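Inspection log for the structure reproduced underneath, given as structure tokens.
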Amino acid sequence: MSPVSASELVGRDREVGRLTEALGWAGAGGAVLLGGDAGIGKTALVGRLVDAATDRRVLVGHCVGDVGASLSYLPVVEAFAALDARERDLVDELVAAHPGLAPLVPRIGLGARDDTDRAGLVEAVHGALADLGRRGPLLVVVEDVHWADESTRELLTVLFTRRRLEGVSLLVTWRSDDVHRRHPLSGPLAVWSRLPDLARIDLGPLSEADLQQIVRRARPDLPAGAVEDAARRAEGNAYFAEELAAATGTGRAAPGDLGRLLLARVDRLDEEAQALVRVAAVIGRRVPHALLERVAGVDGQALRAGLRAAVEHHVLEPWGEGGYAFRHALLAEAVSDDLLPTERLQLHRTCAEALREDPDLGTAADLARHALASGDTRTGLDASVEAGEHAARMGGPAEALSHYETALRLAAEDPARVHDLTLRAAVAANGSGRPERAMALLRGALAGPAPTPLHRAELLGALAFAARMTEEPVDRLAVTEEALALLTDDAPVRLRVSLLARHAEALMDAGSSAEALVVADDAMALAAEHDLTVDRTDLAAILARLSDSAGDPDESIRRLEGAVAAWTSAPDLAVLRAMDILAAVHHRHGDHAAARAGFERALGAARRAGLEWSAFGVHARALLVTTAYEMGEWDLALSVADHGAEPEIPASAAANVDAAAAGVRVGRGLASADEVLAATRPWWSSDGRVAVQAGAAALDALGRAGELDRMLALHEEVVSFLRGIWGVGCIAAEVRLAALGIGHLGTAVRTQAPGRRVELLAEVDRLEAEARAVWGPGSVLPPPLLEGRAWQARVAAEAARARWLAGQDVRPDDLVRAAREVRDLFARYGEPYEEARARARLGEVLLASGDPGAGDELDRARATAVELGAAPLVAAVDALRVRSAPGTLTAREAEVLDLLALGRSNGEIGRALFISTKTASVHVSNILAKLGASSRGEAVAVARSRGLLGDRPR
292 MSPVSASELV GRDREVGRLT EALGWAGAGG AVLLGGDAGI GKTALVGRLV DAATDRRVLV
352 GHCVGDVGAS LSYLPVVEAF AALDARERDL VDELVAAHPG LAPLVPRIGL GARDDTDRAG
412 LVEAVHGALA DLGRRGPLLV VVEDVHWADE STRELLTVLF TRRRLEGVSL LVTWRSDDVH
472 RRHPLSGPLA VWSRLPDLAR IDLGPLSEAD LQQIVRRARP DLPAGAVEDA ARRAEGNAYF
532 AEELAAATGT GRAAPGDLGR LLLARVDRLD EEAQALVRVA AVIGRRVPHA LLERVAGVDG
592 QALRAGLRAA VEHHVLEPWG EGGYAFRHAL LAEAVSDDLL PTERLQLHRT CAEALREDPD
652 LGTAADLARH ALASGDTRTG LDASVEAGEH AARMGGPAEA LSHYETALRL AAEDPARVHD
712 LTLRAAVAAN GSGRPERAMA LLRGALAGPA PTPLHRAELL GALAFAARMT EEPVDRLAVT
772 EEALALLTDD APVRLRVSLL ARHAEALMDA GSSAEALVVA DDAMALAAEH DLTVDRTDLA
832 AILARLSDSA GDPDESIRRL EGAVAAWTSA PDLAVLRAMD ILAAVHHRHG DHAAARAGFE
892 RALGAARRAG LEWSAFGVHA RALLVTTAYE MGEWDLALSV ADHGAEPEIP ASAAANVDAA
952 AAGVRVGRGL ASADEVLAAT RPWWSSDGRV AVQAGAAALD ALGRAGELDR MLALHEEVVS
1012 FLRGIWGVGC IAAEVRLAAL GIGHLGTAVR TQAPGRRVEL LAEVDRLEAE ARAVWGPGSV
1072 LPPPLLEGRA WQARVAAEAA RARWLAGQDV RPDDLVRAAR EVRDLFARYG EPYEEARARA
1132 RLGEVLLASG DPGAGDELDR ARATAVELGA APLVAAVDAL RVRSAPGTLT AREAEVLDLL
1192 ALGRSNGEIG RALFISTKTA SVHVSNILAK LGASSRGEAV AVARSRGLLG DRPR
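Here our numbering is used: position 777 in the sequence shown is 1068, and no number is missing along the way.
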């Protein structure tokens, strides 16, 4: 295989799928033109493809800058030279069959290319590729065709336009930001783009979550804020993210190598166009035409000529109806950073003056930036506040937070203004899904003397609100008690109601439901008396949760539906919270249809309000994915979770939805444990649900792969982590995690040596005991609902199965009864996948006892698995059916066969299955007879070829 150097690929699973499909990977062949900006990840994607091409020949050729343009057929020569080094005899055969190929093989052609018949050479390449395709699948890669010589471009045109070559996959990459209107490749691209059999794929930007993964990999030492900043500035470009990570702390806007790469594009322009680009860079990423015209001070003809050149060379691109934008923000930063300090200062001052004189030339945010860059802090402060207010009104909490934080840094000498800006910034932080940032701002303000006791009470109330959206250990009871004690009789009613709501919530979470109900009712009466709609909605959500925890979900639903129906303004965090809790109540009680509709409504409202990344918006999306997973609507779950086209998604939000979708991906065999954990583990501390869902999926993947020690270690890690952040001795999720772990231990235990079997059964006993303790004597948790009871029953059934498979004396009737209970409970809860897994377990037991009902259970399990696309479960059920087919093997013989495949002697088989050596010998003889084998080794080979050696359902 030809080596291709590439960075580790991150976040391109969807593109890999599209690419392999368009290339006809299964054998038909195909051609793809893969484009994208420099650094976007084309080479890494090609590298992944080449790494996956273990079943085919690979030819790779590169076009190389200006040098490559003067060497005819350079990538083709490189590809055939590499093939010649690996398979000389094959190349000799190809040259003999296609003599025109000789000039492209350095060993044979030497200097013969100068007078080569071009038509004959093209035909020879086409014929040689066709021959190679007939010998087996072939992948041909031509990289960086924007640097290709004319002969190579013509050859590719022929290959693209001819009939598709069977078995040949042709992949050509090009850099889209290098090709302008007069570029030599622009003509061929126009022709190629019209060819029906040529697929064109353009790589878009990576998501912010993917970029953060790249940054963390490049610089594990960077703090979270620096990681987020580098990922944000990279704007979807993998190479930019790596360079920014490496250069963090150097103080330059664009680090050395990256800055030189970016500035090289500007250097291609003439002097007048470069001068115009320098002015535009100071204006910013987006450049209003009117402001550029005002500041640049050039005549209209020179302005148009410079702009046309900058657009043609992909430095600028049209933005809206009246402006331009730099192709990448880092390009603007690099150009601005390259100016002399005095030159840059004067341009910022000119921009600020123009914006003050004519506000229509830009926005308050523009004025703030230019004023601050030119040293005018007073104007910068006022403009930052105005920009924050505008962003908040327009549903941009993240942008509002940025502006308010800028204003906070400037208002340090004005305590009253600092207080107001802190509260505004905290609201914006919560709205953008950054409650930890809100808490940091509020704690900073509380650390100093607050202007008045009333202001301190406001800060404490805001802290209690933000703390509940995080997993940080905060004594919210103490915080709210202190805040309420600071209120005087004439304190604003809205503040009093808000603090009472936070206090009721803290009491409820501390287990003091009766006292919480009294406080919430008092607050609701005040809110109703003073017509405080926001607070009434907030309190309705609290009272609804109290009703639900008291065992009255109908009252909870009634309260929440009333609060949501009464809301007439644009959605805010209060109504989103009510919508989210309403859907969650339906979900907790197993009404999946109502839960799905509720989460869809909450998510839609969050998106309309610009609060999609708030805690409630993200939670609604993640729980919508979870609900779809449980309902068996796995395609919907993956569709809702897909954030590939959302580069702006915060990494924590991406981890939330990825964790929710992990069950589908693992259930379909699309993700490994390592992939699930890499995408989610950094965010466990932000939301314990991420640890639960990702941990359960990863545990399932490890168990299925037979990595039992890693599975047990992960189980311990997840449980210890959750107990730690939630401060409790037991958590409900332990029951589900234990059931999954015990199931995989049971599947593995039957083929283990006696010593290892004892170890695994001890783990089964431990996990079962821990699961029983969750709702056992002394538990402070509320009684389990239907889903919890289903997992409880599964723990008991899996433990009994494990002991049965280990050879202990377990009554078949008890096994059947336990398996049926699990099946029926999951059927009532409405979770098809777990019901199918329970049916597979039941079918396994019925098969062993000779019950004719086994076939129906396995048929139904398989049908569900096929409908879900759960390939691992389909394979496991099929393995059971093959092993139990009439005329093949009994259940005991199947167990003996598994041990034969491990090389066990009759004595070892007898000890492993708790039977005599003589009985084991009889089983071995029967197996050989049924399989028509003359030896133990032949029997194993025959069994493997027939699919008789397979895992039981996991």
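Cβ atoms here follow ideal geometry from the backbone N, Cα and C, with glycine treated the same way.
All values derive from a computational prediction rather than experimental measurement.
Look at residue i and residue j and say whether their C-beta atoms are less than 7 Å apart.
i: alanine 886; j: histidine 877; result: yes
i: alanine 801; j: leucine 790; result: no
i: alanine 344; j: leucine 430; result: yes
i: alanine 992; j: alanine 964; result: yes
i: alanine 988; j: valine 1010; result: no
i: alanine 370; j: glycine 391; result: no
i: glycine 458; j: glycine 424; result: yes
i: glycine 516; j: leucine 497; result: no
i: glutamate 903; j: alanine 897; result: yes
i: phenylalanine 837; j: methionine 799; result: Note that residue 837 is leucine in the sequence shown here, rather than phenylalanine. It is a contact, given that the beta carbons lie within the stated cut-off.
i: valine 1040; j: arginine 1048; result: yes
i: valine 396; j: leucine 446; result: no
i: histidine 1214; j: valine 1187; result: yes
Cutting at 7 Å between CB atoms, please list the residues of its own chain near residue i, excluding the five before and the five after it.
i: phenylalanine 1012; result: Trp975, Ala982
i: arginine 569; result: Val626, Leu630
i: serine 665; result: Leu636, His639, Arg640, Ala643
i: threonine 918; result: His878, His883, Ala886, Arg887, Phe890
i: leucine 489; result: Ala322, Leu324, Phe451, Trp483
i: alanine 1127; result: Ala1152, Thr1155, Ala1156, Leu1164
i: proline 726; result: Ala720, Ala757, Met760, Thr761, Ala906
With a threshold of 8 Å on Cβ separation, who are the neighbours of residue i within its own chain once the five nearest residues in sequence on each side are excluded?
i: valine 709; result: Leu699, Ala702, Ala703, Ala736
i: valine 448; result: In the sequence as displayed, the identity of residue 448 is threonine instead of valine. The residues are Pro479, Val482, Trp483.
i: arginine 674; result: First, the amino acid is wrong: residue 674 is alanine here, not arginine. Cβ neighbours of alanine 674 beyond the five flanking positions: Ala655, Ala656, Leu658, Ala659, Ala662.
i: glycine 576; result: A small fix is needed here, since residue 576 is arginine in this sequence, not glycine. For arginine 576, where only same-chain residues beyond five positions count, the Cβ hits under 8 Å are Ala616, Phe617, Ala620, Ala623.
Of all the options the options, which has the alpha carbon lying nearest to the alpha carbon of residue i?
i: alanine 1110; options: Ala1091, Ala738, Ala814, Tyr364; result: Ala1091
i: proline 1073; options: Leu476, Asp839, Pro742, Trp858; result: Asp839
i: aspartate 766; options: His794, Asp780, Arg785, Leu1159; result: His794
i: arginine 303; options: Gly315, Leu314, Leu1051, Ile331; result: Ile331
i: tryptophan 465; options: Ile505, Asp561, Val323; result: Val323
i: valine 232; options: Val1101, Ala731, Arg1130, Leu583; result: What the structure shows of the chain is the stretch from 292 to 1245, and residue 232 is not part of that stretch, so it cannot be assessed.
i: proline 428; options: Arg507, Thr334, Glu434, Ala317; result: Ala317
With H, G and I counted as helix, E and B as strand and the rest as coil, what does DSSP make of residue i?
i: serine 804; result: helix
i: serine 838; result: helix
i: tyrosine 615; result: strand
i: leucine 914; result: helix
i: proline 973; result: helix
i: proline 390; result: helix
i: aspartate 590; result: coil
i: leucine 902; result: coil
i: glutamate 1126; result: helix
i: serine 460; result: strand
i: glycine 326; result: strand
i: proline 938; result: coil
Taking 6 Å as the limit between beta carbons, can you name the residues of its chain near residue i, skipping five residues before and five after?
i: leucine 873; result: Leu851, Gly889
i: alanine 360; result: With a pLDDT of only 48 at alanine 360, under 50, the local geometry of the prediction cannot be trusted, and no value is derived from it.
i: phenylalanine 907; result: Leu867, Arg868, Asp871
i: glutamate 680; result: none
i: aspartate 469; result: His437
i: valine 957; result: Ala988, Asp991, Ala992
i: glutamate 806; result: Leu798
Assuming residue i contacts residue j (C-beta within less than 8 Å), just tell me the rounded distance between them.
i: glutamate 624; j: tyrosine 615; result: With 8 Å as the limit, glutamate 624 and tyrosine 615 do not qualify as a contact, their Cβ atoms being about 16 Å apart.
i: aspartate 301; j: aspartate 493; result: Looking at the sequence provided, one finds valine at residue 301 rather than aspartate. About 18 Å separates the two Cβ atoms, so there is no contact after all.
i: leucine 1077; j: tyrosine 1124; result: That belief does not hold up - the Cβ atoms of leucine 1077 and tyrosine 1124 are roughly 16 Å apart, past 8 Å.
i: asparagine 1197; j: threonine 1181; result: Not quite, the Cβ-Cβ distance comes to about 17 Å (not below 8 Å), so this is no contact.
i: alanine 753; j: leucine 714; result: 6 Å
i: arginine 912; j: valine 948; result: 6 Å
Is there a Cβ from chain D that is less than 7 Å from the Cβ of residue i?
i: alanine 896; result: The structure shown has no chain D; it contains just one protein chain.
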